[in-house]
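Anchor point for the sequence shown: position 122 equals 121 in numbering that gives the first Met the number 0, and the numbering is continuous, going up by one each time. Don't be surprised by glycine CBs; every beta carbon is placed ideally from N, CA and C. Reviewing the structure listed below.
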Amino acid sequence: MWALGTWVLLGAVCSGSAQLQFNVIKSVEQTICNKTVIIPCIVTNLIQNNIGTMFVKWKLEKKPFFIFRGSTRTMERNDSFSSAELESEQNLTSGIASLKISRTQAVQGNYSCEVTESSREGETVIELIYHRVAWFTPVENILIILSMVLAILFYWIQLAVTVSKFETTLLKIGLFIAGVVITISAVVGFSLLISDEFKPENQIGLGLIVLPAVILVPCQYFLLQIVYENNLSFAIGVVILESLGYLIAVIGFGLCITACRPKNGAVVIAGLAIMALIALVGLIYAILSGYSKKEQPTRKAVEEPLNDAKGVMLE
Ligand SMILES: *[C@@H]1O[C@H](CO)[C@@H](O)[C@H](O)[C@H]1NC(C)=O
Ligand SMILES: *[C@@H]1O[C@H](CO)[C@@H](O)[C@H](O)[C@H]1NC(C)=O
């Protein structure tokens, strides 16, 4: 690379203006997020600026795959580079011979750009490097998974704590099935979300984590309502906050889903974290109330004033 650059430079100095000089770019990076790839090739000392006298040849590892003839304004290209074209035919007269290729055809390697203007010519080499990028950062992935694991875990604990209080088995079964559904969907979602390179499965994974979380909202209501028969406003307040968390998570999902490199991962995380936090609050209250209720029948007389005080405090 360097040797070639020096050689081109020396050539230009020694033979006056016989050689074309380039704006030297050693390499360009491509990721899965590039729909098209542009390999830059910019001549800095054209004299004629006339497309009719120009000729451009692109090679990959020394094998030509694209030729543009200015005189006829025609191009020839290899089948495996059928998408290749000059970035802008008009700008060729100002020295821009950059090549545009679709991502799928742009293989990694050393590309040579050879430009001729009448009898002057020159060549520059640009390395195209493929760079893997994941959808979310590892930290974002961990936070998304952690928030969801906690939200589901708190749900199961709360179900276990309050299950004895349900009189109808139908509701018990319903809440159990809801828990199983959300757990399975989240676990499948986790496995699809994580990969070292972005792929559509990641988006499906995030969908499986975020969207079914709506199930937790009514379930939370039923769980709290059984404990707080006479304090529904608390249950409703929790459900409203939980819905808010869900709404934020869904908005974040919407913002991230179409982006190849999402900038709004924090919104999804915030939404799921709120859901987990609210589930924890619900759980703590359920446990506290569970204890105060269990003790009632046996030590009713002694505990009653205490419970009343507690009840007031909790309200
Ligand atoms: C790929 O896309 C990035 C970001 O848009 C851009 O900076 C980069 O130049 C592109 N790579 C190529 C080789 O076109
Ligand atoms: C491209 O050329 C550079 C310098 O000669 C070399 O280090 C690199 O490995 C080459 N890349 C490929 C993909 O062959």
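**Item:** Complete runs of the alpha helix (DSSP H) confined to the stretch 164-211 [at least 4 residues]
**Value:** 168-192, 199-209
**Message:** Let's test the definition: count the other Cβ atoms within 10 Å of the Cβ of I46 and tell me whether it reaches 16, buried, or not, exposed.
**Reply:** exposed
**Message:** Helix, strand or coil, according to DSSP, for N229 in the structure here?
**Reply:** coil
**Message:** Pop quiz: E139 and K25 are said to be a contact at Cβ under 8 Å. What is the actual Cβ separation, rounded to whole angstroms?
**Reply:** At roughly 32 Å, the Cβ-Cβ gap does not stay under 8 Å, so E139 and K25 are not in contact.
**Item:** Residue of R260, V23, N33 minimising C-alpha distance to A96
**Value:** V23
**Message:** Using DSSP's beta-bridge definition, name the partner residues of R315.
**Reply:** The structure shown does not extend to residue 315, since the chain is modelled only from 0 to 314, so the question has no answer here.
**Asked** Taking just the CA atoms, how far does G244 sit from A159?
**Response** 23 Å
**Request:** Look at Q20 and V42 and say whether their C-beta atoms are less than 8 Å apart.
**Result:** yes
**Message:** Is any non-hydrogen atom of ligand 1 found closer than 7 Å to the C-beta of T30, if you look at the structure I gave you?
**Reply:** yes
**Item:** Straight-line gap, E120 to A17 (C-alpha atoms, nearest Å)
**Value:** 7 Å
**Message:** Bridge partners for K58 per DSSP, in chain order?
**Reply:** P63, S111
**Item:** Residue of L240, W155, L271, V186 minimising C-alpha distance to V176
**Value:** Residue 176 is actually Ile in this sequence, not Val. Measuring from the Cα of I176, the nearest candidate turns out to be W155.
**Item:** Outcome for A308 when other beta-carbon atoms lying within 10 angstroms are tallied against a minimum of 16
**Value:** Per-residue confidence for A308 stands at a pLDDT of 45, beneath the threshold of 50, marking its modelled position as unreliable; no derived number is given.
**Request:** Flag this pair as yes or no: are the beta carbons of N348 and T115 separated by less than 8 Å?
**Result:** Because the chain is modelled from 0 through 314, residue 348 falls outside the range shown and cannot be assessed.
**Asked** Quick one: Cα of T168 to Cα of V209, how far?
**Response** 28 Å
**Asked** Can you find at least 3 beta carbon pairs, one from the stretch 235-254 and one from the stretch 276-284, that sit closer than 8 Å?
**Response** yes
**Buried/exposed call for T123, threshold 16 Cβ in 10 Å** = buried
**Item:** When L254, A265, V162, V186 are compared against I286, the one with the closest alpha-carbon
**Value:** V162
**Message:** Measuring straight from C-alpha to C-alpha, what distance separates I316 and K62?
**Reply:** A question about residue 316 goes unanswered here, because the residues of the chain that appear run from 0 up to 314.
**8 Å contact criterion, which R260 and C32 should meet: CB distance rounded** = 6 Å
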